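Asks:
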Amino acid sequence: MPRNRSNMGIVAVVALLCALTLIVASGPGAQGGDVEAVWRQMFKRPGTPPPSPSDNPLNPEKIALGARLFADQRLSGGGKRACAGCHRPERAFTDGRRRALALSGAPLRRNTPSLWDLAWGKHFFWDGRASSLEEQVGMPIAEPQEMDGDWPTILSRLEGDEALVRQFRAAFPETPTISQDTIRMALASYVRSLVSPPTRFDAWIDGDVQALRPAETRGFGLFVGKAGCVLCHVGWRFTDDRFHDIGLRSSDGGRGAVAGGTPGLSAFKTPGLRELAHTAPYMHDGSLATLEAVVKHYTGGFVARPGLATHINRKLRLSGREKADLIAFLRTLSSETGPAHARRAGPD
241 MPRNRSNMGI VAVVALLCAL TLIVASGPGA QGGDVEAVWR QMFKRPGTPP PSPSDNPLNP
301 EKIALGARLF ADQRLSGGGK RACAGCHRPE RAFTDGRRRA LALSGAPLRR NTPSLWDLAW
361 GKHFFWDGRA SSLEEQVGMP IAEPQEMDGD WPTILSRLEG DEALVRQFRA AFPETPTISQ
421 DTIRMALASY VRSLVSPPTR FDAWIDGDVQ ALRPAETRGF GLFVGKAGCV LCHVGWRFTD
481 DRFHDIGLRS SDGGRGAVAG GTPGLSAFKT PGLRELAHTA PYMHDGSLAT LEAVVKHYTG
541 GFVARPGLAT HINRKLRLSG REKADLIAFL RTLSSETGPA HARRAGPD
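Reading the sequence shown from the start, the letters are residues 241 to 588 in our numbering.
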């Protein structure tokens, strides 16, 4: 994305900050008028099903097939690892590790990201190297360190499963045989169906002024105001889908290694914040174990290098109470008990 477009986006968000902070303390309904309308629009969940591309529209059969394939170890070379082995539904589609493990058991470079709300995403993987979910879901399958799958072998295995063949035919009636494309399309459909559950924050946005506690509303005020979190974590998914260097102590080239050139070095995709209470540890390398560590990072723990995102407040200081309030708010973006079972959304 050209730098001037990125800056324009930041300016637009900054212009909203003053309007947002006017009504934070009292919650929705306190100020009314245009300010409240902008505020609600910015953070309100969409009232429509997850979007899907015209060449792979969602349907229940594809979603069910994708869910089955997601847990199928036959997609890996040795038949011992499934997508769900790293993206565990009971852990909000993460694995709880600092960094994902290779088939050998050695740690890989990056943390396993969650899969919530990716139907609305624009770039995939921490470095954005995939531009669609259909592209993204196939990459780990063929990656030697992750699943080490061989597509001809995978197709042969699946074609020998009569029940699975029938399920493919139901999902893709126009396609007579199982193919790499239909596997990708089914997996992508399943991932698109994964929508994070509504939380108390959403109830607050929808007008329930009692849904959040005073500390949590103060934390939201910090999020959209003094702390400036909203400059990257914007919208109902709390991500701008862009890439930023936030000053982590890491030698990983990030977006720069994919897009080329110095500007993207050490920059990574802004993760959404839904269900974040259940997705620790945090950051692309899993280097921050707790939300307390994340807040500490942004109050002076970052490396001040030339590529550091310009909108990061290098002089941000928060009191102990402010830190606690901010963390209290962040926790309202997660379900109370965690996703014991994946919640799926899509056409009936």
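Idealized CB from N, CA, C, for every residue including glycine.
Source: prediction; values computed, not measured.
Helix, strand or coil: which one does DSSP assign to Pro300?
Replies: To locate residue 300, count along the sequence shown from 1; it is residue 60. Three-state DSSP puts Pro300 in a helix.
Asks: In angstroms, rounded to a whole number, what distance separates the CA positions of Arg446 and Gln420?
Replies: Translated into positions along the sequence shown, residue 446 becomes position 206. Translated into positions along the sequence shown, residue 420 becomes position 180. The sequence shown places Asp at residue 446, not Arg. Taking the straight line from one Cα to the other gives about 42 Å.
Asks: Sort Leu298, Leu404 and Leu427 by Cα distance to His327 and report the nearest one.
Replies: Position 87 of the sequence shown, counting from 1, holds the residue named residue 327. Nearest of Leu298, Leu404 and Leu427 to His327, Cα basis: Leu427.
Asks: Can you check which of these residues, Gln313, Gly526, Pro511 and Ile303, is closest to His363 by C-alpha distance?
Replies: Within the sequence shown, residue 363 is the residue found at index 123, counting from 1. Nearest of Gln313, Gly526, Pro511 and Ile303 to His363, Cα basis: Pro511.
Asks: Counting pairs of beta carbons, one from the region 426-441 and one from the region 549-567, are three or more of them closer than 8 Å?
Replies: Counting Cβ pairs under 8 Å, fewer than three are found: no touch.
Asks: Find out if the Cβ-Cβ distance for the pair Asp295, Arg477 is shorter than 8 Å.
Replies: In the sequence shown, residue 295 corresponds to position 55, counting from 1. In the sequence shown, residue 477 corresponds to position 237, counting from 1. The answer is no: Cβ separation not under 8 Å.
Asks: Judging by CA-CA distance, which residue of Val474, His524, Cys469 and Lys302 is the nearest neighbour of Lys284?
Replies: Position 44 of the sequence shown holds residue 284. When each option's Cα is compared against that of Lys284, the closest is Val474.
Asks: Report the option in Glu515, Leu573, Phe483 and Gly547 whose CA atom is closest to the CA atom of His524.
Replies: Position 284 of the sequence shown holds residue 524. If we check each option's Cα against that of His524, Phe483 comes out closest.
Asks: Please name the residue in Ala520, Ser506, Val535 and Gly319 whose C-alpha comes closest to that of Leu548.
Replies: As a working mapping, residue 548 is identified with position 308 in the sequence shown. Among Ala520, Ser506, Val535 and Gly319, the Cα nearest to that of Leu548 belongs to Ser506.
Asks: Determine the closest residue to His518 out of Arg489, Leu570, Thr288 and Ala410, with distance taken between C-alpha atoms.
Replies: Against the sequence shown, residue 518 aligns to sequence position 278. Ranking the options by Cα distance to His518, first place goes to Leu570.
Asks: Count the other CB atoms, across all protein chains shown, that sit within 10 Å of the CB of Ala556; report buried if there are 16 or more and exposed otherwise.
Replies: Start at 1 with the first residue of the sequence shown, and residue 556 comes out as number 316. In the sequence as displayed, the identity of residue 556 is Leu instead of Ala. So Leu556 counts as exposed.
Asks: Tyr430 lies in the alpha helix (DSSP H); which residues open and close that run?
Replies: Taking the first residue of the sequence shown as position 1, residue 430 is located at position 190. Start and end: Gln420 to Arg432.
Asks: Can you tell me which of the three DSSP states Phe569 falls into?
Replies: Within the sequence shown, numbered from 1, the residue matching residue 569 stands at position 329. The answer is helix: DSSP assigns Phe569 an H, G or I state.
Asks: Looking at C-alpha atoms only, which residue of Asp485, Ala346, Glu301 and Thr334 is the closest neighbour of Val384?
Replies: Your numbering for residue 384 matches position 144 in the sequence shown. Rather than Val, the amino acid found at residue 384 in this sequence is Pro. Answer by Cα proximity: Ala346.
Asks: Helix, strand or coil: which one does DSSP assign to Lys536?
Replies: Taking the first residue of the sequence shown as position 1, residue 536 is located at position 296. It is helical.
Asks: Specify the secondary structure class of Thr334 as computed by DSSP and reduced to three states.
Replies: As a position in the sequence shown, residue 334 is number 94, starting the count at 1. Strand, per DSSP.
Asks: What residue from Arg331, Ala410 and Gly504 has the CA that sits closest to Arg514's CA?
Replies: Against the sequence shown, residue 514 aligns to sequence position 274. For the residues Arg331, Ala410 and Gly504, the minimum Cα distance to Arg514 belongs to Arg331.
Asks: Between the alpha carbons of Pro416 and Arg409, how many angstroms are there, rounded?
Replies: As a working mapping, residue 416 is identified with position 176 in the sequence shown. As a working mapping, residue 409 is identified with position 169 in the sequence shown. When rounded, the distance between both Cα atoms is 7 Å.
Asks: Kindly indicate the opening and closing residues of the alpha helix (DSSP H) around Asp442.
Replies: Position 202 of the sequence shown, counted from the start, is the residue given in the question as residue 442. Segment Arg440 to Ile445, the alpha helix (DSSP H) holding Asp442.
Asks: Helix, strand or coil for Thr555? Go by DSSP, reduced to three states.
Replies: To locate residue 555, count along the sequence shown from 1; it is residue 315. According to the sequence shown, residue 555 is Lys rather than Thr. If DSSP states are grouped into helix, strand and coil, Lys555 belongs with coil.
Asks: Can at least three beta-carbon pairs, one atom from the region 526-533 and one from the region 443-459, be found at a separation below 8 Å?
Replies: These segments do not touch.
Asks: Per DSSP, which residues does Ala507 bridge with? Please list them.
Replies: One-based indexing of the sequence shown puts residue 507 at position 267. In DSSP, Ala507 forms a bridge with Gly494.
Asks: Within 10 angstroms of its Cβ, does Ala625 collect 16 or more other Cβ (buried), or is it exposed?
Replies: No answer is possible for residue 625: the residues shown for the chain start at 241 and end at 588.
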